Amino acid sequence: MSSGQLKAEVQSVNGLVVKAEFAGRPPILGQLLHLFEKPDLQFLVIGVQDSDVLVALNLTETSLEQGDKLLSNGEILKLPVGQGAMGRVFDALGRTLDSDDPLKQISYVPVADDTEINLDAASADTVIETGIKVIDFFAPFVRGRKVGILGGAGVGKTVLTTELMHNVTRAGKDLSFFVGMGERIREAFELYQTLKEANLLKNTVMYLGQMNENAAMRFLTARSAATVARYFRDANKTDVLFFVDNIYRYLQAGNELSTQLDAASSEGGYQPTLFSELSRFEQNLSISKNGSITAVQSIFVPADDLSDPAVVAMYQQLDSVIVLSRQVAERGIYPAVDLLNTTSAVLTAEIVGQQHASLVPLVQKILQKHKSLEGIVAIIGEAELSLVDQNYYHRAQELIQYFAQNMFVTEKLSGIKGQYVPRAQMLKEVDKIVNGG
Numbered sequence: 002m003s004s005g006q007l008k009a010e011v012q013s014v015n016g017l018v019v020k021a022e023f024a025g026r027p028p029i030l031g032q033l034l035h036l037f038e039k040p041d042l043q044f045l046v047i048g049v050q051d052s053d054v055l056v057a058l059n060l061t062e063t064s065l066e067q068g069d070k071l072l073s074n075g076e077i078l079k080l081p082v083g084q085g086a087m088g089r090v091f092d093a094l095g096r097t098l099d100s101d102d103p104l105k106q107i108s109y110v111p112v113a114d115d116t117e118i119n120l121d122a123a124s125a126d127t128v129i130e131t132g133i134k135v136i137d138f139f140a141p142f143v144r145g146r147k148v149g150i151l152g153g154a155g156v157g158k159t160v161l162t163t164e165l166m167h168n169v170t171r172a173g174k175d176l177s178f179f180v181g182m183g184e185r186i187r188e189a190f191e192l193y194q195t196l197k198e199a200n201l202l203k204n205t206v207m208y209l210g211q212m213n214e215n216a217a218m219r220f221l222t223a224r225s226a227a228t229v230a231r232y233f234r235d236a237n238k239t240d241v242l243f244f245v246d247n248i249y250r251y252l253q254a255g256n257e258l259s260t261q262l263d264a265a266s267s268e269g270g271y272q273p274t275l276f277s278e279l280s281r282f283e284q285n286l287s288i289s290k291n292g293s294i295t296a297v298q299s300i301f302v303p304a305d306d307l308s309d310p311a312v313v314a315m316y317q318q319l320d321s322v323i324v325l326s327r328q329v330a331e332r333g334i335y336p337a338v339d340l341l342n343t344t345s346a347v348l349t350a351e352i353v354g355q356q357h358a359s360l361v362p363l364v365q366k367i368l369q370k371h372k373s374l375e376g377i378v379a380i381i382g383e384a385e386l387s388l389v390d391q392n393y394y395h396r397a398q399e400l401i402q403y404f405a406q407n408m409f410v411t412e413k414l415s416g417i418k419g420q421y422v423p424r425a426q427m428l429k430e431v432d433k434i435v436n437g438g
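In the working numbering, the protein residues as written are 2 to 438.
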């Protein structure tokens, strides 16, 4: 895949966005350029304007001036795949971040968006047990579907994502991806150590675009990781668990680049391409006739505002949404899940079974009743409630406490051993609370 040698002259620079005039055959999207006589200083073509001006991202934050020469031999950004990529940590360009040890047993694939919808894909819905009671009940994982974990700062998104990754990958059957975008380096290092100590790193590939990286690298991290995940799904005919922390930072990086492209902001202050960028990324994470990609994405909620345009756009792409609440966290209940706002489109008898599908509305009814009674109890106390309402109130409190759970990934901090509760046991225990069996 080559377009031959390309020479271009820098016309303008706006932040990380470079516009350069070229002559002859236009470049390919994803083509790499470098500064004249400096091959390590790289630029990635993202578009062509006016038939003779290319638009590229400055990947290494090189200082440029008008008239500087950019060169390319038609090389496309390629990423390492294969057995040798397992257990390694990469940046958006496929460079290793964990060590200088050379990669072995690998080949390379060009980074690309593959938004083809596979109508002949396997459609069997398989529930993936997480061992986390509140998730297995209110927002069960289904192979090939998308799950979002929403919450503001400091309510436990990263902890819950890490716990899910620990629990779901413990069987060692599926390949796991962890994609860190815009988060702290410390958190990525702690996850790396956790997976290593649990002997889970051998089945994991990590891609990081941390908060110290520029917007171009953070934005490309998602696309690079999705490319490699699709390769493993289709070439190895395997199921992939795709964990993202934090998908909001992907959109935020896109917004930064959009500003540098002089694009007018939409209502809410985001880039006009917000929905299309998100939709294209999400379509890349899908089920095919060869295997599936099950995506778990943590989502930062600015100012705890669930009506934020970016949050609303992400809602529309997800099959299940787990909402974390600051009010629940302040009561010392972890994971701090808002039980009434957490929703799922997969809670049907055909997917989760009749018992599970029947229990969910009963639990929601009890919790909703509890919410309506809280104000009354705060004023006049439980003793003034009718016997029926007291029964609802006590069962709701029992359910709220039941869905709290100790985490494996916080054992070192809390000194309390983590819990894994099988789904069948959880359903039995919830049924006992609800029906008094």
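Where is the CB? At the ideal position from N, CA and C, for every residue including glycine. In this text the structure is predicted, and so the values were computed from the model without any measurement.
Judged by DSSP secondary structure, Pro40 falls within the beta strand (DSSP E) whose first and last residues are Lys39 to Gln50.
For Tyr394, the uninterrupted alpha helix (DSSP H) run begins and ends at Leu388 to Tyr403, by DSSP. Between the segment 233–247 and the segment 283–294 there are three or more C-beta pairs closer than 8 Å, enough to call the two in contact.
For Glu76, the three-state secondary structure derived from DSSP is coil. CA-CA distance, Glu351 to Ile136, rounds to 18 Å.
In the DSSP assignment, Ala226 falls outside any beta strand (DSSP E) and within the unbroken alpha helix (DSSP H) covering Ala216 to Ala236. Just measuring C-alpha positions, the residue of Gln356, Val353 and His395 sitting nearest Lys372 is His395. When rounded, the separation of the alpha-carbon atoms in Ile47 and Ile248 is 21 Å.
Only exposed fits Ile380, as fewer than 16 other CB atoms lie within 10 angstroms of its CB. Within the segment 315–380, the complete beta strand (DSSP E) runs of at least 3 residues fall at 321–324. For Pro303, the secondary structure class from DSSP, reduced to helix, strand or coil, is helix. In the structure shown, the three-state DSSP call for Ala311 is helix.
Every unbroken stretch of the alpha helix (DSSP H) spanning 4 or more residues and falling wholly within the segment 246–299 is given here in chain order: 248–261 and 275–284. Counting the other Cβ atoms within 10 Å of the Cβ of Ile417 gives fewer than 16, which makes it exposed. Listed as beta-bridge partners of Leu34 by DSSP are Phe44. By the neighbour-count definition (other C-beta atoms within 10 Å, threshold 16), Asn15 is an exposed residue. Only residues of its own chain outside the window of five on either side were considered, and among them Arg424 have a CB closer than 6 Å to the CB of Glu130, listed in chain order.
For the options Phe139, Arg187, Arg144 and Val206, the alpha carbon positioned closest to that of Thr159 is the one of Arg187. Under the three-state reduction of DSSP output, Gly85 falls in the helix class.
The straight-line gap separating the alpha-carbon atoms of Gln369 and Leu348 is approximately 18 Å.
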